[in-house]
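K.L.:
In the numbering used here, the protein residues as written are 100 to 366.
We put the CB at the ideal spot given by N, CA and C, even for glycine.
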């Protein structure tokens, strides 16, 4: 599901779960183990990347979510879902707060929970195939893993509203223009560039880099808690179960992609 290894002062975390690194309980378990190891290490940098050809991550495991709520009254599953979200938020905060410099090497799909995972990184290197999006409103939901507050640290509210309310995605070049992505590189080159960047960041004093990062990148705790509560209030509506049922019934190869519109941002 995921693998990691250390090379000198740099950890590399490889997302390797087909079809596109959907984040469910299994992925969460593994990511928690990774963060626990890295947090206490003397490494200087961390790279997150994917070996799946479709992209970095398609987001939350919607089939698992559908199975958890299918045919059940909200009172019977909301406690379980809250516990899962509490763990997800703790994980995302843990990644966000790592003392090491974290670098996302991205390609292809970076949607929903996968986009939220990328937003915990300090620096993003995206190859030209990368697309970012929050398609959650199609399901009657909002991002639930901390996406809106973390994206608000990086870009304007107008950009966030456009992504959420239109359901459109943006490409790597547009993300770079907005200041979300540090570098845009050729197809297949993101990991190599991220490795070079990790080597450069590892040259700085570890304590100074960690303190500078904490100063520049505060965790929006109040907004994150509010987002979680809104997500839980929305997921209890019957429309969400209907939308998830339609999703799991799809037979096309990439059901997590939003329906194509006549206009996409940054095409």
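Tell me the rounded alpha-carbon separation between residue 150 and residue 116.
P.N.:
Residue 150 and residue 116: Cα-Cα distance of roughly 8 Å.
K.L.:
Quick check on DSSP: helix, strand or coil for residue 120?
P.N.:
Residue 120: coil per DSSP, three-state reduction.
K.L.:
Excluding five sequence neighbours on each side, which residues of the same chain lie with their C-beta closer than 6 Å to the C-beta of residue 147?
P.N.:
Here the set comprises 112 and 203.
K.L.:
Tell me the residue span of the alpha helix (DSSP H) that contains residue 329.
P.N.:
Start and end: 320–334.
K.L.:
For residue 281, does the three-state DSSP call read helix, strand or coil?
P.N.:
Coil, per DSSP.
K.L.:
Hey, would you say residue 200 sits closer than 8 Å to residue 143, going by beta carbons?
P.N.:
Yes, the Cβ-Cβ distance between residue 200 and residue 143 is below 8 Å.
K.L.:
Which residue comes first and which comes last in the beta strand (DSSP E) that contains residue 153?
P.N.:
Careful: residue 153 lies outside any beta strand (DSSP E) and carries neither H nor E.
K.L.:
Going along the chain, which unbroken runs of the alpha helix (DSSP H) with 4 or more residues stay wholly within the region 233–317?
P.N.:
As far as the region 233–317 is concerned, its whole alpha helix (DSSP H) runs of at least 4 residues are 246–251, 256–265, 271–276, 289–300 and 305–315.
K.L.:
Whole angstroms are fine: how far does the CA of residue 248 sit from the CA of residue 344?
P.N.:
About 28 Å.
K.L.:
Considering only residues of the same chain and omitting the five flanking positions on each side of residue 327, which have a CB-CB separation below 6 Å?
P.N.:
Contacts found: 184.
K.L.:
Can you give me the Cβ contacts of residue 225 inside the same chain, cut-off strictly under 7 Å, excluding the 5 residues immediately before and after it?
P.N.:
Once the five neighbours on either side are set aside, the close Cβ partners of residue 225 are 205, 271, 274, 280, 283 and 289.
K.L.:
If we call anything under 8 Å between Cβ atoms a contact, is residue 213 one with residue 303?
P.N.:
No. Outside cutoff.
K.L.:
So, using beta-carbon positions, are residue 159 and residue 121 closer together than 8 Å?
P.N.:
Contact: yes.
K.L.:
Starting from residue 345, follow the alpha helix (DSSP H) in both directions and report where the run begins and ends.
P.N.:
That run of the alpha helix (DSSP H) goes 337–348.
K.L.:
Where residue 229 and residue 208 are concerned, what is the direct C-alpha to C-alpha distance, given to the nearest angstrom?
P.N.:
So the alpha carbons of these two residues sit roughly 6 Å apart.
K.L.:
Give me the Cα-Cα distance between residue 238 and residue 161, rounded to the nearest whole angstrom.
P.N.:
Residue 238 and residue 161: Cα-Cα distance of roughly 10 Å.
K.L.:
Going by the DSSP bridge assignment, what does residue 109 pair with across the sheet?
P.N.:
According to DSSP, residue 109 bridges with 106 and 144.
K.L.:
Could you work out which residue in 105, 350 and 316 is closest to residue 218 when comparing CA atoms only?
P.N.:
Among 105, 350 and 316, the Cα nearest to that of residue 218 belongs to 316.
K.L.:
Kindly list the residues whose CB is nearer than 8 Å to the CB of residue 188, restricted to its own chain and excluding five residues on each side of it in sequence; keep chain order.
P.N.:
Within the same chain, residue 188 has close Cβ partners 244, 245, 323 and 327.
K.L.:
Give me the residue from 335, 130, 190 and 108 with the minimum Cα distance to residue 100.
P.N.:
The residue with the shortest Cα to Cα distance from residue 100 is 130.
K.L.:
Helix or strand or just coil, what does DSSP make of residue 158?
P.N.:
Looking at residue 158 - three-state DSSP - the assignment turns out to be coil, as it is neither helix nor strand.
K.L.:
Whose C-alpha, out of 178, 336, 191 and 232, is nearest the C-alpha of residue 378?
P.N.:
Limits of the chain in this structure are 100 at one end and 366 at the other, which puts residue 378 out of reach.
K.L.:
When DSSP builds the beta bridges, which residues end up paired with residue 224?
P.N.:
Partner(s): 204 and 282.
K.L.:
What do you reckon, are the CB atoms on residue 211 and residue 293 nearer than 8 Å?
P.N.:
For residue 211 and residue 293, no; Cβs fall outside 8 Å.
K.L.:
Taking the alpha carbon of residue 305 as the point to measure from, which residue in 109, 198, 241 and 152 has its own alpha carbon closest?
P.N.:
Ranking the options by Cα distance to residue 305, first place goes to 198.
K.L.:
If I measure Cβ to Cβ from residue 176 and keep anything under 7 Å in the same chain, skipping five residues before and after, which residues do I get?
P.N.:
167 and 168, listed in sequence order.
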